[in-house]
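Residue numbers (our numbering), protein chains in the order written: chain A, 1245 to 1552; chain B, 118 to 842.
Notes follow once the structure below has been shown.
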Amino acid sequence: MNDSATLLIRARTREPIRPVPQSIPLDGRKVALGKKLFHETALSKDNTVSCVSCHDLHKGGTDRRVRSVGIHQTEGEINAPTVFNSGMHFKQFWDGRADTLADQVDGPIQTDKEMGSTWPEIVNKLQAIPAYATAFHEIYPDGIQRANVKDAIAEFEKSLITPNSRFDKYLRGDNAAITDDEKEGYRKFKGYGCITCHQGANVGGNLFQPLGVMGDYFGDRGNITKADLGRYNVTGNEEDKFTFKVPGLRNIALTAPYFHDGSAQTLEDAVAVMAKYQLDRELPPKDKEQIVLFLKSLTGEYNGKLLE
Amino acid sequence: MKRAFLLIAVIVALAATSIFLRQKAGEFSDDQHNGFQTALWQIKHLDITFNEDLLAARFALLDNYDDFQTRTAQMQQSLEVLTKPPAFITSIGQQAIAQARKKYLGVLEKRQKLFERFKTQNAATSNSRRYLPVALEELARRLQEKQTKTPDDLELQAINADLSRLILNRLSTSDATLEQAQLRMQQFKDWCIQHPQHPEAHFAASLARHAQIILSGQGEVDALTYQLMALPTAEAIQDLFDAYQTEVTSALGRTQQYRALLYMLGLVTLIILGYGFKALSAANLNLEQRVRERTADLEAEVAERKTTEEKLRETLQSLAAINNVLDRACIIARTDRQGNITYANDNFCRISGYSREELLNQNHRILKSSDHSDTFFKEMWKTIASGEVWHGEIKNIAKNGTAYWVNTTIGPMLDEQGKPKGFMAIRTDITERKRIETEVAQVNRQLIEASRQAGMAEVATGVLHNVGNVLNSVNVSATLVTDSIQASKVSSLPKVVALLDAHTANLGQFFTSDPKGTGLPHYLRQLSTHLTQEQQRVLEELSSLRKNVEHIKDIVAMQQSFAKVCGVSETIHVTELIEDAIRMNNVSLQRHAVSVRKDLPALPPINVDKHKALQILVNLIRNAKHACNDSGRDDKQLVISAISSETAVKISVADNGVGIPAENLNRIFNHGFTTKKAGHGFGLHSGANAAREMGGTLTVQSDGVGKGAIFTVELPFQPPQKVNG
């Protein structure tokens, strides 16, 4: 490696975005059990919905719907965020009401419009399946318990990281991994200030921010729902109204529609809305186009295969 | 028979006690201690790092928040360790630690909430802070480039220039500039409302919104930063340290007690051993006599012998048992009168690393270390040679060169005349205790160092606060220059050169008939104008950059000058001097919630070495703050007052802190005297010296412990005349 390449790498390690780790230490048995549970419809009231129903690993970890559909084909209240890289979020859910992935599990399972079940019911149903009884007892001395189900699912979700995106290769020193337009897009992503919130390994996911810092997003959109109140629903603090966890932008090209209300159908729309309501800046079409190109370079690999 | 039973019973009791004591003496576990202490230091370290990172984030020197997450996880791990205190901690200690931990968790929770708000606010504010100067410049450029300017344009240009000057030159967040900025902002907004049709109205309105975000958000971000910095995390951690340290000290004390008991047990055993010897020889004598006297009475003799043999056997058994216990518990050596080893037990061989063959007939000196003075050994020899028992702690060197410590008792073995014919030494291994003692001293040194660093962090906070604001302007200027250079038209020059190169053979024809050639002069003219403008812009930006860097240099120089003593007298106002001294302590005073009352009448100016005077006052205020803090009271208060006589001014710093006991009042200005846990005993000593050098005095008054203290520095209006030659 020549000197300038070394310099380049050193410079890039100081970039506000960091590469997704190639792997993280996990308990393989728990991951395998968690994976089964993640696909298990018995977790829902009428055995029709599992975690993958809304977090399809073949659809970027989402359902690609404006709002998710739960049991009895009921539409939920919010857009399902991707499950990929969710372990790197500082809190879970759009309103950050769960501190850990394990606590997050409680949410969808017990929500009427999602899986609509209860823990005693789930534990009973799982106990009736011999394969689970054995698998649980091998890992957890106390067998099938609410905490253990949550733990196993959380461990599986932690394994859903997507390293080796073209952009990460660029960060690691491969200057040819992204095109000049994408580099320019990244420069503008930083220049316009997107980077202030969308930084770190997850390109976001580590702070809260009101939607509409520089403009009245909800006034312009109209028809305000309870879900729009965001973090306020958790804290009850007036200042938390319309505040949400800044979502991570990894694999963002695969997870349309965007925002908690699924209101942006394309990345171009989403970038425009962000520029208007968060930054109060006018984006020339060329800049917007380049930023979108940069965002598309954030798509990574799961299990060694590029996501699509 | 009866006596033999008694003897055995005593030996069994001794053995049982010795096992019990040995177990108790080993109660203090090094591994557990290390694990727990590491967790405590990790917490302290993470806590200091948090504050550093927080400031970095505030001044846009930190570009992502991932590290905070990593550190939160590390903190949780360390806090988890604290729930499992080492086994030697008493239940009271466990409660104290649990309580201190809970208190710290409470503060952490508060901190987490504040920090979330900080991140949210800081993100929006810092974006606008970065964009606003760029936008102001952009608007200025757009208006400048207009061929014909309407009165509206000129008005907007003026307002824009005003705001630019204010924002770009705003080096501190003082209230006065804030008010001015607010005023200019209102003008800007009003103009936008009044001129909705103006082509730049839309851009200007957006600019005004960004300025508004800065004005409303900046204050809150700074307030949050200070609230976060002021959280008593360091105090809560200190409580944890204190609670644990108390337990370690008492556990070490207990261990030492048990070791002492174990050692006494050794002595008792030795006495019994002596008694056994005596009994044995008495029995022997008895037997011989009987053999001579009663050879005739065989039957009786047989019977007698049977009894005696049995007794002998029992005594020998007892002796073996005693030996066994002694052997296991202690290091035993016997020497002749010259100190040559005549007996060494297994423990002795093991600890010294020599085999028995190597030790026997060697002088005991081979184990000697250089740690003890010759007098030490002379004293020892004098004691034992006179037939007395000597006791002390000795450091020895084993065969492999490592040192070990033994608690040693040496007693003489006396001959028939009562003169020593040799010596017996019983020792116990105290190497570990010595090591732990050293380690405790080491920990105390580390604590002092950490406190010193905490003090440095406070100074750093002050510098960062002042420097950080300027740094923002520097960042903006640097970005503008970089952007400008990146977008520069210079890059089109090589294309022109290439074009010319391609036509070197027929340049004339190229310029006259080739469409590219004919356009070239016009293009070059445009390019030249553009580059000149660009150069001008970059130069302006660089000059602003240089100005800001100069300002940073000034701040740093000022901070350094606080630390220097330069020895030049100047005329200054006493009030100003006091205000300066308070300002330099301000951050920590606020942080520890110490209120300051000033009682300062109008005073004539004074001619002193400002830096020396400042140094004294800063020290007095800092001490007073510590005294208040240590008192643990809620209404911590300093009163700084000054009165003047005809020739001098007296400045007093009074606190309502822990006070000073009468016996310390005399020693308090001595070098090295301190009551602060982390103090060096240097501040007051050098303060008193400095006051003397300036022809003044430094005195103290205190009504006793818990009653506060008043330090008074008296300085003459004119410095003493220096005697020349």
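The beta carbon of each residue, even a glycine, is placed where N, CA and C say it ideally should be.
message: For E1526 (chain A), count the other beta carbons within 10 Å of its own beta carbon; 16 or more makes it buried, fewer makes it exposed. Which is it?
response: exposed
query: Could you give the distance in angstroms between the alpha-carbon of V408 (chain B) and the alpha-carbon of I389 (chain B)?
result: 28 Å
task: For Q1509 (chain A), collect the residues of the same chain with a Cβ closer than 7 Å to its Cβ; drop the 5 residues on either side in sequence, then sort them by chain order.
output: A1500 and P1501
field: 7 Å CB neighbourhood of L378 (chain B) in its chain, flanking five on each side removed
entry: L138
Neighbour list for N1450 (chain A) in chain B, Cβ cutoff strictly below 9 Å: N181, Y182, D183, F185, Q186 and K236
message: Tell me which residue opens and which closes the alpha helix (DSSP H) that S490 (chain B) is part of.
response: Per DSSP, S490 (chain B) belongs to no alpha helix (DSSP H) and is neither H nor E.
query: By the 10 Å Cβ neighbour count, where 16 or more other Cβ atoms means buried, how is N478 (chain B) classified, buried or exposed?
result: exposed
message: Between L1511 (chain A) and G1304 (chain A), how many whole angstroms is the CB-CB distance? I'm expecting something under 8 Å.
response: With a Cβ gap of about 12 Å, L1511 (chain A) and G1304 (chain A) do not count as contacting.
- prompt: What whole-angstrom Cβ distance do V711 (chain B) and A759 (chain B) have, given they're in contact under 8 Å?
  reply: Going by Cβ atoms, the distance from V711 (chain B) to A759 (chain B) rounds to 19 Å, so no, they are not a contact pair.
- prompt: Excluding the five sequence neighbours on either side, which residues of its own chain have a C-beta within less than 8 Å of the C-beta of H1504 (chain A), listed in chain order?
  reply: I1322, N1323, W1338, L1455, A1471, D1472, G1474 and F1488
message: So, at 8 Å on beta carbons, what are the nonlocal neighbours of L1551 (chain A) in its own chain, with the 5 sequence-adjacent residues on each side left out?
response: G1304, F1328, T1406, N1495, L1498, T1543, G1544 and E1545
query: How many Å lie between S486 (chain B) and Y471 (chain B) at the Cα?
result: 16 Å
- prompt: Closest Cβ-Cβ distance between S243 (chain B) and chain A: below 8 Å?
  reply: yes
- prompt: For P349 (chain B), which residues from the same chain have a beta carbon less than 7 Å from its beta carbon, with the 5 sequence-adjacent residues on both sides left out?
  reply: V224
task: Give a yes or no on whether the minimum CB-CB distance between Q1348 (chain A) and chain B is below 8 Å.
output: no
message: Only counting the same chain, and skipping five residues up and downstream in sequence, which positions put a Cβ closer than 6 Å to that of D1395 (chain A)?
response: A1346
message: I want to verify the contact list: residues of chain B whose CB lies under 8 Å from the CB of R1262 (chain A), in sequence order.
response: N181 and D183
Q211 (chain B) versus B:H312, B:S333 and B:A360, residue with shortest Cα-Cα distance: B:A360
message: If you reduce the DSSP assignment to three classes, tell me which class F540 (chain B) lands in.
response: strand
message: Distance cutoff 8 Å, beta carbons only. Does Q1453 (chain A) sit that close to anything in chain B?
response: yes
The alpha helix (DSSP H) enclosing S758 (chain B), as first and last residue numbers: Looking at the DSSP string, S758 (chain B) is not in any alpha helix (DSSP H); the run it does join, the beta strand (DSSP E), is Q754 to S761.
query: Are L157 (chain B) and T386 (chain B) touching if we call contact CB-CB under 8 Å?
result: no
Beta-carbon proximity list for Y380 (chain B), same chain, < 7 Å, skipping 5 on both sides: N524 and T545
- prompt: Whole-angstrom Cβ separation of A1377 (chain A) and I1388 (chain A), contact assumed at under 8 Å?
  reply: 7 Å
- request: Return the first residue and the last residue of the beta strand (DSSP E) that Q818 (chain B) is part of.
  value: T814 to Q818
query: Contact check, G504 (chain B) vs L476 (chain B) under 8 Å by CB: the rounded distance?
result: About 25 Å separates the two Cβ atoms, so there is no contact after all.
query: Under the rule that 16 or more other beta-carbon atoms within 10 Å means buried, what is Q1522 (chain A), buried or exposed?
result: buried
Start-to-end residues for the beta strand (DSSP E) that takes in H508 (chain B): W507 to I514
message: DSSP three-state label for P203 (chain B), please.
response: coil
field: Beta-carbon neighbours of L1277 (chain A), restricted to chain B and to distances below 9 Å
entry: Those do not exist, as L1277 (chain A) stays about 24 Å from chain B at its closest Cβ, beyond 9 Å.
message: So, does the segment 427-436 of chain B touch the segment 450-466 of chain B, judging by three or more C-beta pairs under 8 Å?
response: no
task: Compare the Cα-Cα distances from P721 (chain B) to each of B:D491, B:K538, B:P537 and B:P833 and report the closest residue.
output: B:P833
- request: Assign S1288 (chain A) to one of two classes, buried (16 or more other C-beta atoms within 10 Å of its C-beta) or exposed (fewer than that).
  value: buried
message: So that I know if they touch, is there some Cβ in chain A lying closer than 8 Å to that of S323 (chain B)?
response: yes
- prompt: Can S1507 (chain A) and R1465 (chain A) be called in contact, C-beta distance under 8 Å?
  reply: yes
query: Grouping DSSP H, G and I as helix and E and B as strand, with all else coil, what is A1324 (chain A)?
result: coil
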